[in-house]
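Enquirer:
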Amino acid sequence: MQRVGTFFVMVALLALSVSAAPSLSADSLLDFDELYHNQSRSLSFTLSNTGSTPVTGISFSSSAGSDYTLTFSPATIATLGAGGSATVNVKLFAGFGAEIGDNVSVGNVLANTDQGSATLSKMTADIRSYLKIANVRLNGPGFRETITRDGERFEEYLRPSDPFELEVELENVFPSVANQDSEISEIEVEVIIKSIIEDEEDLEFPIQTDELSFEGNDRKKVFRFNSSIPLQTDSDFYEIEIGVSGEDDFGHSVGYTWTVEMQVSKDVHDLRIIQLEAAPKSLSCETQMVISVGVMNLGRNDEKYVTYTLSAPSLGLLIRQSRFQLDSNIDNDENIYRRTHPVAIPIASRGNHTLTLTLYRDGDVLEDVSAIAIPARGCGPQQAEVQPIEEPQEEPVEETQEEADIEEEPEDVDVGSEEGPEVISSSESRPAVHKAQPVLGTRERKLDPFQVLVPLLLVAAIGFGAFLLLKLMK
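Following the working numbering, the numbering of the sequence shown begins with 719 at its first residue and continues without gaps.
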């Protein structure tokens, strides 16, 4: 019986000696802050013996992965007396495969002693790549905001349908950080806004590619991504994933992702025109036209008194729509109102006519305005205008005496009138162009002086004879 008792005492003492841990303590967190690939950073911590007995044979190790190397100084401590303390330096090296990001968990510092093992400190670091995201900017209506760290949130907000631009600025920091000349090639930048489209679909932008030099301004590049907030987006925060990757001249590939947040917020009242169309799209004489209208409630409130007017003063058109309701829930059928208006357009003057849709709530509170241009061709035959053909004016030529003495032989030409082309104009009549033409079938004849003189002499002689005869008769 005595032997059995002694056995249990020995087992208990053995279990106590195995389970007992040395009474060592250190700083609970070792934060190495910013650490680039292929770089080292050192910290120190105080190791204390909080027990009542000495701790012997102390050495150090860590639970860090293979992408990290840790060096401790001193590497060992032979004895640390009860209540004693010692300063230990630790250097952390991050290889090119180390995970990139803020507050990356590197592992724990462990103490191994003759009395057992103890976990001392947790290690973290902000691991950086030489392909650096310098900042991310959000440009929206009336604002421009910049963030510089992974995990941050933009303070400004966008509304449904607001246009926006995301700018991602990358920088090659090899020269400034590592003092090395290395380009970064095969760069890809991918931006995804998570679950922002209807049915929680992602908004994905086309991937952009480029490369960064190690010299001058070519070390930096801004990648721009443009879009607008979908109309059906609810008020909420949405994650933006920004993935970058590339390869340096030493063959090291790098890739990591930032996740930042943007906010979409609806206004209390926000009615929008989403459709204004006319068919047909152009007017002629007394056109029958159908105007299609669509409006939507993007605000947080249900709207019970919504009206609109359709007007085109130059066409004598004015339509006042009686009031209707719009629900604020985008999943409700009453969130959108659509209607068609058949109208008869009288004869419209040629040119563009403006059709304006004006949207109101609560009687006369203006919410939105939209306008389209409707061209009119006018009435009458829609024939192409034909420009009159004018014959070229010939310069007058002075005849010499020798040319005047030469008689022209008559040409064998049919006598008749020649008609020019008929001119048809759909705008205004044009005056006829007249030009003197020679008479066809005749020729000019030169008069002989004797042919004129002989008849004159004859007339004179007859007159003189008659005068003498009258004298004799008297």
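Where is the CB? At the ideal position from N, CA and C, for every residue including glycine. In this text, all values refer to a predicted model and were calculated from it rather than measured experimentally.
Counting Cβ pairs closer than 8 Å, one from the segment 847-867 and one from the segment 774-784, do we hit at least three?
Expert: The answer is no - the segment 774-784 does not touch the segment 847-867, with fewer than three Cβ pairs under 8 Å.
Enquirer: Could you give the first and the last residue of the continuous beta strand (DSSP E) run that contains HIS1059?
Expert: Unbroken beta strand (DSSP E) run through HIS1059: 1054-1062.
Enquirer: If you scan the segment 907-939 from start to end, which runs of the beta strand (DSSP E) of 3 or more residues do you find wholly inside it?
Expert: The qualifying runs are 919-922 and 926-930.
Enquirer: Quick check: what's the CA-CA separation for GLU752 versus PHE811?
Expert: Spanning the two alpha carbons is a distance of roughly 12 Å.
Enquirer: Short check: CB of VAL822 to CB of VAL907, under 7 Å?
Expert: The answer is no: Cβ separation not under 7 Å.
Enquirer: If contacts are defined as beta-carbon pairs under 8 Å, then ASN826 and LYS840 qualify, I think. What distance do you get, rounded to the angstrom?
Expert: Their Cβ separation, rounded to whole angstroms, is 6 Å, which keeps ASN826 and LYS840 in contact under 8 Å.
Enquirer: If you draw a straight line from the alpha carbon of LEU1212 to that of SER1046, how long is it in whole angstroms?
Expert: Here the chain covers residues 719 to 1192 and nothing more, so residue 1212 does not appear.
Enquirer: Which residue marks the beginning of the beta strand (DSSP E) containing PRO881, and which one marks its end?
Expert: Element bounds for PRO881: 881-890.
Enquirer: Taking C-beta to C-beta, are ASN691 and SER762 nearer than 7 Å?
Expert: Outside the shown range of the chain, which is 719 to 1192, sits residue 691, and nothing can be said about it.
Enquirer: What number of angstroms, rounded off, separates the C-alpha of ASN1019 from the C-alpha of ASP920?
Expert: Approximately 27 Å, taken between the alpha carbons.
Enquirer: In angstroms, rounded to a whole number, what distance separates the CA positions of ASN756 and PHE814?
Expert: Near 6 Å, if we compare the C-alpha coordinates of PHE814 and ASN756.
Enquirer: Who are the Cβ neighbours of ARG1095 in its own chain at under 6 Å, not counting the five residues just before and after it?
Expert: Excluding sequence neighbours, ARG1095 sits near SER1002.
Enquirer: Between HIS988 and GLY1017, is the Cβ-Cβ spacing less than 7 Å?
Expert: In the sequence under discussion, the amino acid at residue 988 is Asp, which differs from the His named in the question. Contact flag set, yes.
Enquirer: Identify every run of the beta strand (DSSP E) within the segment 986-1036, keeping only runs that are complete inside it and at least 3 residues long; order them along the chain.
Expert: 989-997, 1006-1015 and 1021-1030, all fully within the segment 986-1036.
Enquirer: According to DSSP, is PRO893 helix, strand or coil?
Expert: Residue state, collapsed to three classes: helix.
Enquirer: Between PHE750 and ALA843, which are expected to be in contact by the criterion C-beta below 8 Å, what is the C-beta distance as a whole number of angstroms?
Expert: Indeed, because the Cβ distance is near 4 Å, the residues count as touching under 8 Å.
Enquirer: Report the rounded CA-to-CA distance for GLU995 versus ALA1089, giving the unit in angstroms.
Expert: Answer to the nearest angstrom: the Cα atoms are 9 Å apart.
Enquirer: Closest to ASP760 by CA distance: which of THR787, GLU887 and GLY769 is it?
Expert: With the sequence shown as reference, residue 760 is identified as Ser, and Asp is not the correct amino acid for it. SER760 has its Cα closest to that of THR787, out of THR787, GLU887 and GLY769.
Enquirer: From what residue to what residue does the beta strand (DSSP E) around GLY973 run?
Expert: 971-982 is the extent of the beta strand (DSSP E) around GLY973.
Enquirer: Smallest Cα separation from TRP976: which of THR789, ARG867 and PRO772?
Expert: The candidate whose alpha carbon is nearest that of TRP976 is ARG867.
Enquirer: Does DSSP put TYR1078 in a helix, a strand or coil?
Expert: Strand.
Enquirer: Are the beta-carbon atoms of VAL1087 and THR1076 separated by less than 7 Å?
Expert: Contact flag set, yes.
Enquirer: Hey, could you find the ends of the beta strand (DSSP E) ASN1050 is sitting in?
Expert: Taken as a continuous stretch (DSSP letters only), ASN1050 belongs to no beta strand (DSSP E), as it is neither H nor E.
Enquirer: According to DSSP, simplified to helix, strand and coil, what is SER945?
Expert: Looking at SER945 - three-state DSSP - the assignment turns out to be strand.
Enquirer: Does the beta-carbon distance from GLU885 to ARG855 come in below 7 Å?
Expert: A contact, by the Cβ cut-off of 7 Å.
Enquirer: Taking the beta strand (DSSP E) that TYR699 belongs to, which residues open and close that run?
Expert: Any answer about residue 699 is impossible in this case: the structure gives the chain only from 719 up to 1192.
Enquirer: Let me check understanding here. Comparing Cα to Cα, which of SER758, GLY964 and SER781 lies closest to TYR848?
Expert: Among SER758, GLY964 and SER781, the Cα nearest to that of TYR848 is on GLY964.
Enquirer: Can you tell me whether ASN935 is buried or exposed, with buried defined as 16 or more other CB within 10 angstroms of its CB?
Expert: That one is exposed.
Enquirer: Can you give me the Cβ contacts of GLY799 inside the same chain, cut-off strictly under 7 Å, excluding the 5 residues immediately before and after it?
Expert: So the qualifying residues of the chain are ASN767 and PRO772.
Enquirer: Pick helix, strand or coil for TYR956, following the three-state DSSP scheme.
Expert: TYR956 falls in the strand class under three-state DSSP.
Enquirer: Of all the options ILE910, PRO881, SER903 and ILE915, which has the alpha carbon lying nearest to the alpha carbon of VAL972?
Expert: Answer by Cα proximity: SER903.
Enquirer: What's the gap between the Cα of PRO1093 and the Cα of ASN1070?
Expert: In a straight line, the C-alpha of PRO1093 is about 4 Å away from that of ASN1070.
Enquirer: Closer than 6 Å by C-beta to ALA836: which residues in its own chain qualify, once you throw out the five before and the five after it? Chain order, please.
Expert: ALA739, PRO740, LEU742 and ALA829, listed in sequence order.
Enquirer: If I'm right that SER879 touches PHE892 with Cβ under 8 Å, what's the distance once you round it to whole angstroms?
Expert: Actually they are not in contact, since the Cβ atoms of SER879 and PHE892 sit about 42 Å apart, beyond 8 Å.
Enquirer: Does GLU1085 come out as helix, strand or coil in the three-state DSSP assignment?
Expert: Three-state result, GLU1085: strand.
Enquirer: Taking the straight line between their C-alpha atoms, what separation do you get for LEU1028 and VAL1061?
Expert: Cα-Cα distance, rounded: 11 Å.
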